[in-house]
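K.L.:
I'd like to ask you about the structure that follows.
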Amino acid sequence: MAAGGAAGAAKGAGFGAAGHPGSARQPGVTATLPAPADSGIDHVIVLMMENRSFDHFLGWMPGADGKQAGLTYTDRYRVRRATHHLGDFQGCGHPDPDHSYEGGRIQFNSGKCDGWLRSGESDAFAIGYYDSTDLDFFRQAGPDWTVCDRYFAATMAETYPNRFYQHAGATDRTHNSTVTSTLPTIWDRLSDAGLRGKYYYGDIPFTALWGTKYLDISHPYADFLADCASGNLPEVSFVDPRFSDEGSGTSGDDHPHADIRSGELFLAEVYAAVTKSPAWGRTLFVINYDEWGGFFDHVAPVTAPDADPGNALRGFRVPAVVISPRARRRHVAHETYDHTSVLKAIEWRWNLPPLTPRDTAARNIAEVLDFTSPPNLLAPKYLVPPFVAGAPCAPVGTPSVEEWPALRDKALADGWMLP
Amino acid sequence: MSVTRGAPGIRRPLGLRWMAAAALILLATATLGQMIDPPEAEARSGAAAGGGTGGGTGTGALPGARHVFVINLENKGYDSAWGPASAAPYLAGTLRNQGVLLTQYFGVAHNSLPNYIAQISGQGPNPQTQADCQTYSPFVGAGTTSPGQYVGNGCVYPAAVPTVAGQLTDSGRTWKGYMEDMGSSCRHPSLGAVDDTQKARVGDQYAVRHNPFVYFASITGSPDCARNDVDLNALTADLASTATTPNLSMITPNLCHDGHDAPCVDGQPGGLASADEWLKRWVPAITSSPAFKRDGVLVITFDESDSPQTDSSACCGEGPGPNSPLPGITGLGGGRVGALVLSPFVAAGTTSTTPYNHYSLLASIEDTFALPYLGYAATPGLNRFGLDVYNGGRHR
Chain A
1 MAAGGAAGAA
11 KGAGFGAAGH
21 PGSARQPGVT
31 ATLPAPADSG
41 IDHVIVLMME
51 NRSFDHFLGW
61 MPGADGKQAG
71 LTYTDRYRVR
81 RATHHLGDFQ
91 GCGHPDPDHS
101 YEGGRIQFNS
111 GKCDGWLRSG
121 ESDAFAIGYY
131 DSTDLDFFRQ
141 AGPDWTVCDR
151 YFAATMAETY
161 PNRFYQHAGA
171 TDRTHNSTVT
181 STLPTIWDRL
191 SDAGLRGKYY
201 YGDIPFTALW
211 GTKYLDISHP
221 YADFLADCAS
231 GNLPEVSFVD
241 PRFSDEGSGT
251 SGDDHPHADI
261 RSGELFLAEV
271 YAAVTKSPAW
281 GRTLFVINYD
291 EWGGFFDHVA
301 PVTAPDADPG
311 NALRGFRVPA
321 VVISPRARRR
331 HVAHETYDHT
341 SVLKAIEWRW
351 NLPPLTPRDT
361 AARNIAEVLD
371 FTSPPNLLAP
381 KYLVPPFVAG
391 APCAPVGTPS
401 VEEWPALRDK
411 ALADGWMLP
Chain B
1001 MSVTRGAPGI
1011 RRPLGLRWMA
1021 AAALILLATA
1031 TLGQMIDPPE
1041 AEARSGAAAG
1051 GGTGGGTGTG
1061 ALPGARHVFV
1071 INLENKGYDS
1081 AWGPASAAPY
1091 LAGTLRNQGV
1101 LLTQYFGVAH
1111 NSLPNYIAQI
1121 SGQGPNPQTQ
1131 ADCQTYSPFV
1141 GAGTTSPGQY
1151 VGNGCVYPAA
1161 VPTVAGQLTD
1171 SGRTWKGYME
1181 DMGSSCRHPS
1191 LGAVDDTQKA
1201 RVGDQYAVRH
1211 NPFVYFASIT
1221 GSPDCARNDV
1231 DLNALTADLA
1241 STATTPNLSM
1251 ITPNLCHDGH
1261 DAPCVDGQPG
1271 GLASADEWLK
1281 RWVPAITSSP
1291 AFKRDGVLVI
1301 TFDESDSPQT
1311 DSSACCGEGP
1321 GPNSPLPGIT
1331 GLGGGRVGAL
1341 VLSPFVAAGT
1351 TSTTPYNHYS
1361 LLASIEDTFA
1371 LPYLGYAATP
1381 GLNRFGLDVY
1391 NGGRHR
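Protein sequence lines, in the order shown, are assigned to chains A and B.
Oh and the first sequence: position 308 is 308 in the working numbering, straight run, nothing missing.
In the working numbering, each number is its position in the second sequence, counted from 1, plus 1000.
Structure, rendered in structure tokens:
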């Protein structure tokens, strides 16, 4: 896999060079970082959604390197199929696209990024896309704030490995499983420094994968809304959506077959809570997606320095938006980031030692901020209308391995009290 | 999904698509094995999807294989066979790095016999085949149900039940079963007699229940059986030239060398260790043969997982059968076993994550020789080997 990554690196090196038609690339506007204490950032909030690629979800974003209509991919029966606008909000009738460690490498195809229809049971859904009219939150918030169009999933693998990277800068597994982890995390670094970190979960706490170690810093989502309202936010907050009931369309995490309108409502709710908080003036809020979900993307990821070469290949690009009084407005950032770039920002701000070679080498996502202008506290209000969810999707194809119930069971067995 | 903007080829009125599809199916039948140009394949596939039959039906992905070899090993789940700690390092390491590993390949039943029967006929299990036919009884039934399933119970299917062996013979192609330790060709009990090969004996570790050809009266009642269902010893000579190599070779090691027994009755260790030693001898013999090097495909798989208790999961839409509501005794399938495909048409060290089972294997063999699908191989939308497996770039 390292060889494939190297091949991809050669291809992906085109980034930064001229010649992305239709994308207004702005070279070299990354900031010279100030002294951390002078950054004006006292709170970092990370909201990680599920399973969407950049082209599939935000390929329409003005000024970004997105591609949607007009691409074709050959399926396993040598039928060429075209990318197409998706006509519903769930993808009912289609299998959940393959987004496994192995399937991602089939899709990557040594950097050709053309195997979307030759992995797992992925069908035409995997090369479908949404446009701005489908996305009531991103249609408004994306162009208003800073969108990153070279933000990759940290590793070419499914949900748990990527979420481990967000917490720990590494993963100890290539597939979802509920074995208890011993990886050191950013929570340990914060705690060692006497700082506060809180993990807010919708229904199932990812931190339960460390047993009960993080029980005391894990809180239900309602506490996040309350902490925003009071302004009593910790230095670092991770916020997760509700993971259950993806099939019924109500989960709000954007994982197929969740209704993406539910996800948009959730994003708007968190955005409103953050921007109305008394702490807003000194907050950096990052919205990202754990991995690409098996959906097409035209940019080949490259490898990053990693303690385990088997995990060094990043996953495909995912949507990422940076929101802050320090954020550039109506801006697209083109440098390469992944989940560990957010860890890097946290470690920079509070002078914490890095966790692994990965976050050590990562670009600091705080560099997309504008530290030369005064903070701009204005935050537009976004109307995201409620919707009536359709009927739950009937199962299609071989059921995908559903790990959330297993994690819920593990948490309950370990003594967690869940909402 | 009801709206698909901007996707060429799917905007034509439904009626036209159906007419085009019908014409193309006729065309494909008339030009066996011929590559279909992508636009035609798309129209054909699109129409099939519109008709609710699931996946595409194009054959444009086929590389032009003419010789298929299948080696069935016994009773190992995916992790024990293919995982990093596999007791078969030659299989899981050396050979795996030469081919494409199908990580989502499943057995269709427990115990052994219905898996072998599935591979050559598409017939689902019944209680007696699930019990490995301790008595070699005739299949007694009444009628059929879709897709091509004979309703009833028993071991030896009546002459009307078709097999891929018969399909190959009828279309002027050749097949052989190579059964280690069988000795005399087409060896099986008399109808109604107890099967005395259920336990291995020193010098005779042949198991009738791992030789599917003798469970079809259409074969046992024909001179083809003595000609084509032969001892493994015949394989060496048959591999010497393309002309003597059958189009389909189904290969079953004995109860020691297929990993079934451990330890073996003759003192060998058995299990994956003995299977690995057997593969070291026979796989190079196959892969160095003129037929394989020209246009061969070798599939190495396991009939079922370790046991119904460890894994009886299914894939690929397998559900309750007309004769056995639970094909896997405790579940719907034979569990995840994996399969390795070696071929000049395959890129070394690659992976396919597409779900397959033994019915998919039959359908893929039938695709190779442009034969109609038998039994559950005709399951709508069933995955068949495509560019995920034939990923090597070389096509004839």
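The beta carbon of each residue, even a glycine, is placed where N, CA and C say it ideally should be.
(1) Are the Cβ atoms of Thr1310/B and Gly1335/B separated by less than 8 Å?
(2) Give a yes or no on whether the minimum CB-CB distance between Ala406/A and chain B is below 8 Å.
(3) Using a threshold of 8 Å, state whether the C-beta atoms of Val121/A and His255/A are closer than that.
(4) Among residues of its own chain, excluding the 5 on either side of Val1341/B, which ones have a beta-carbon nearer than 6 Å to its beta-carbon?
(5) Considering only residues of the same chain and omitting the five flanking positions on each side of Asp144/A, which have a CB-CB separation below 7 Å?
(6) Can you give me the Cβ contacts of Pro1158/B inside the same chain, cut-off strictly under 7 Å, excluding the 5 residues immediately before and after it?
(7) In chain A, which residues lie less than 8 Å from Gly1060/B when you measure between Cβ atoms?
(8) For chain B, check one thing: does any of its Cβ atoms lie closer than 8 Å to the Cβ of Asp414/A?
(9) Can you find a CB in chain B that lies within less than 8 Å of the CB of Glu235/A?
(10) From which residue to which residue does the beta strand (DSSP E) around Asn376/A run?
(11) What residues in the stretch 1355–1376 of chain B bring their beta carbon closer than 7 Å to a beta carbon of chain A?
(12) Would Asp131/A and Trp60/A qualify as a contact pair, given that the criterion is a beta-carbon distance under 8 Å?
(13) Would you call the stretch 1316–1329 of chain B and the stretch 1068–1084 of chain B in contact, with 3 or more CB pairs under 8 Å?
(14) His43/A: which of Trp350/A, Ala362/A, Pro357/A sits nearest, CA to CA?
(15) Would you call the CB atoms of His56/A and Tyr129/A closer than 8 Å?
(16) Round the Cβ separation of Phe89/A and Ala268/A to the nearest angstrom and send it over; I've been treating them as touching at under 8 Å.
(17) Quick check on Arg1281/B: buried or exposed, where buried means 16 or more other Cβ atoms within 10 Å of its Cβ?
(18) Give me the chain A residues within the contact set of Thr1353/B, using Cβ-Cβ distance strictly less than 7 Å, ordered along the chain.
(19) What does a CB cutoff of less than 7 Å around Gly1143/B pick up in its chain, not counting 5 residues either side in sequence?
(20) What do you get for Pro1325/B, buried or exposed, if any count of 16 or more other CB atoms within 10 angstroms of its CB means buried?
(21) Rounded to a whole number of angstroms, what is the C-alpha to C-alpha distance between Asn1323/B and Asn1115/B?
(22) Which residue from Gln1104/B, Val1283/B, Ala1207/B puts its Cα closest to that of Asp1261/B?
(23) Specify, as a first and last residue, the run of the beta strand (DSSP E) that Gly1296/B falls within.
(24) At which residue ranges does the stretch 28–57 of chain A contain complete beta strand (DSSP E) runs of 3 or more residues, listed in the order of the chain?
(25) Compute every distance between the C-beta of Ser1312/B and the non-hydrogen atoms of the ligand MG, then say whether any falls below 7 Å.
(26) State the beta-bridge partners of Trp1175/B as determined by DSSP.
(27) Taking the Cβ atom as the reference point for each residue, do Leu265/A and Pro325/A lie within a distance shorter than 8 Å?
(28) Are three or more beta carbon pairs between the stretch 336–352 of chain A and the stretch 73–87 of chain A nearer than 8 Å?
(29) Please report whether the beta-carbon of Leu1387/B lies at a distance below 8 Å from any beta-carbon of chain A.
(30) Assess contact between the stretch 179–187 of chain A and the stretch 332–339 of chain A, defined as three or more Cβ pairs (one per stretch) separated by less than 8 Å. Is contact present?
(31) Let's test the definition: count the other Cβ atoms within 10 Å of the Cβ of Asn1233/B and tell me whether it reaches 16, buried, or not, exposed.
(32) Here's the rule I'm using: 16 or more other beta-carbon atoms within 10 Å means buried, otherwise exposed. How should Asn1097/B be labelled?
(33) Check whether the Cβ of Thr178/A lies closer than 8 Å to any Cβ atom in chain B.
(34) Kindly indicate the opening and closing residues of the beta strand (DSSP E) around Thr283/A.
(35) What does the Cβ neighbour count give for Leu313/A, buried or exposed, with the cut at 16 atoms within 10 Å?
(36) Does the distance from the C-beta atom of Pro1308/B to that of Gly1328/B stay below 8 Å?
P.N.:
Per the coordinate set shown:
(1) Cβ atoms of Thr1310/B and Gly1335/B: closer than 8 Å.
(2) Using beta-carbon distances, Ala406/A does not count as an interface residue toward chain B, since no partner is under 8 Å.
(3) Note on residue identity: the sequence assigns Glu, not Val, to residue 121/A. The answer is no: Cβ separation not under 8 Å.
(4) For Val1341/B, same chain residues with a beta-carbon under 6 Å away, outside a window of 5 residues either side, are Gly1099, Val1100, Val1299, Val1389 in chain order.
(5) Taken in chain order, the residues that qualify are Arg329, Arg330, Pro380.
(6) So the qualifying residues of the chain are Phe1139, Ala1217.
(7) When 8 Å is used as the limit between beta carbons, Gly1060/B is near these residues of chain A: Tyr77, Arg78, Val79, in chain order.
(8) No, Asp414/A lies away from the interface with chain B (no Cβ there is under 8 Å from its Cβ).
(9) Not an interface residue.
(10) DSSP places Asn376/A outside any beta strand (DSSP E), giving it a letter other than H or E.
(11) Correct list: Pro1355.
(12) Cβ distance < 8 Å, so Asp131/A and Trp60/A count as in contact.
(13) Result no; under three Cβ-Cβ pairs closer than 8 Å.
(14) Residue nearest to His43/A within the set Trp350/A, Ala362/A, Pro357/A is Trp350/A (criterion: CA-CA distance).
(15) The criterion of a C-beta distance shorter than 8 Å is satisfied by His56/A and Tyr129/A.
(16) The pair is not a contact, with the Cβ atoms about 15 Å apart (cut-off 8 Å).
(17) Taking every protein chain shown into account, the CB of Arg1281/B has fewer than 16 other CB atoms within 10 angstroms, so this residue is exposed.
(18) Chain A residues near Thr1353/B: Asp98, Ser100, Glu102, Gly103, Ile106, Ser119, Gly120.
(19) Around Gly1143/B: Val1151.
(20) So Pro1325/B ends up on the exposed side.
(21) If you take the alpha carbons of Asn1323/B and Asn1115/B, they lie about 15 Å apart.
(22) By alpha-carbon distance to Asp1261/B, the top candidate from Gln1104/B, Val1283/B, Ala1207/B is Ala1207/B.
(23) First-last of the beta strand (DSSP E) with Gly1296/B: 1296–1302.
(24) As far as the stretch 28–57 of chain A is concerned, its whole beta strand (DSSP E) runs of at least 3 residues are 43–49.
(25) The ligand MG is not among the ligands present in this structure, which contains no ligands whatsoever.
(26) Looking at the DSSP output, Trp1175/B bridges to Leu1248/B.
(27) No, the Cβ-Cβ distance between Leu265/A and Pro325/A is not below 8 Å.
(28) Here the stretch 336–352 of chain A makes no contact with the stretch 73–87 of chain A; the two share fewer than three CB pairs at distances below 8 Å.
(29) Yes - at least one Cβ of chain A is within 8 Å of the one on Leu1387/B.
(30) Taking 8 Å as the limit for Cβ pairs, the verdict is that the stretch 332–339 of chain A does not touch the stretch 179–187 of chain A.
(31) By the neighbour-count rule (16 or more Cβ atoms within 10 Å), Asn1233/B is not buried but exposed.
(32) Under this definition Asn1097/B is an exposed residue.
(33) Interface annotation, Thr178/A: not in contact with chain B, CB-CB separation never under 8 Å.
(34) For Thr283/A, the enclosing beta strand (DSSP E) begins and ends at 283–289.
(35) So Leu313/A counts as buried.
(36) In this structure, Gly1328/B lies closer than 8 Å to Pro1308/B by Cβ.
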